[in-house]
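Residue numbers for the sequence shown follow the working numbering, so the first one is -3 and each next one is one higher.
Glycine included, every Cβ here is placed at the ideal spot set by N, Cα and C.
Keep in mind it's a predicted model, so treat the numbers as computed, not measured.
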Amino acid sequence: MMKGEQGWETDFPMREEVEDYKGHLRSFVITCHEGGLGFTVRAEEEGRQGTGYEFAAYSETSPYSALGRLRQKMYRGLATRHVTSSRGRYRMLHDRLSGRITSDGSGGVALIVDGIALGIDDLVSMLASHEGWGFELQIVDALE
């Protein structure tokens, strides 16, 4: 890039607010990283330190193309509610859970669904009400 030209780096990081399924605005910090084969754009919900929503997208050609994909994921992901809590227990609202896998900070695993950290015991409790049903488990790359 020639001296005086400004590239995509001046646009990142950026902040963006997105409305969730309850009508609440959630604030995200969006960052971009250029690798040898393209651009990765990530959005992390502000103030959640490992819990909360996170989204990522990749483009071989442009950070702005990745940003467009990221925004589609954010709006779709925040518009869908998967779990509800009543009497201290979580239950599924429909036949699908979507989220991400992370550490629980104690050497175990937590699932982040609807921006909420669910432990394995929470998942077991939700599945118990579906005894006898079939299921599919699919692990996908966050960039897809």
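So what does residue i bridge to, in DSSP terms?
i	result
methionine 88	Val79
isoleucine 26	Met10 and Ala39
alanine 52	Arg38
arginine 96	Ile108
leucine 21	Glu15
How would you call residue i, buried or exposed, if buried means at least 16 neighbouring beta carbons within 10 angstroms?
i	result
isoleucine 26	buried
glutamate 50	buried
threonine 80	exposed
glycine 0	Note that glycine 0 scores 45 on pLDDT, short of 50, meaning its location in the model is unreliable and no value can be drawn from it.
methionine -3	In this predicted model, methionine -3 has a pLDDT of only 45, less than 50, meaning its place in the structure is not dependable; the value taken from the coordinates is given anyway. Flag for methionine -3 reads exposed.
isoleucine 116	exposed
histidine 20	exposed
DSSP three-state call for residue i: helix, strand or coil?
i	result
isoleucine 108	strand
glutamate 116	Position check: residue 116 holds isoleucine in this sequence, whereas glutamate was assumed. Correct three-state label for isoleucine 116: helix.
glycine 3	coil
serine 102	coil
arginine 72	helix
glycine 130	coil
glycine 31	strand
arginine 65	helix
alanine 124	helix
Between the Cα of residue i and the Cα atoms of the options, which residue gives the shortest distance?
i	options	result
alanine 123	Tyr86, Thr36 and Glu140	One point to set straight first is that residue 123 is leucine, not alanine, in the sequence displayed. It is Tyr86 whose Cα lies nearest to the Cα of leucine 123.
leucine 139	Asp118, Thr47, Leu66 and Asp16	Leu66
arginine 83	Ser121, Gly104 and Ala106	Ser121
aspartate 137	Tyr54, Gly64, Leu107 and Thr76	Tyr54
> If we count Cβ pairs, one from each stretch, closer than 8 Å, do we get three or more for the region 19 to 35 versus the region 88 to 96?
Replying inline: no
>> With three or more beta-carbon pairs closer than 8 Å as the criterion, would you say the region 29 to 42 touches the region 52 to 62?
In response: yes
> Counting Cβ pairs closer than 8 Å, one from the region 2 to 14 and one from the region 99 to 109, do we hit at least three?
Replying inline: no
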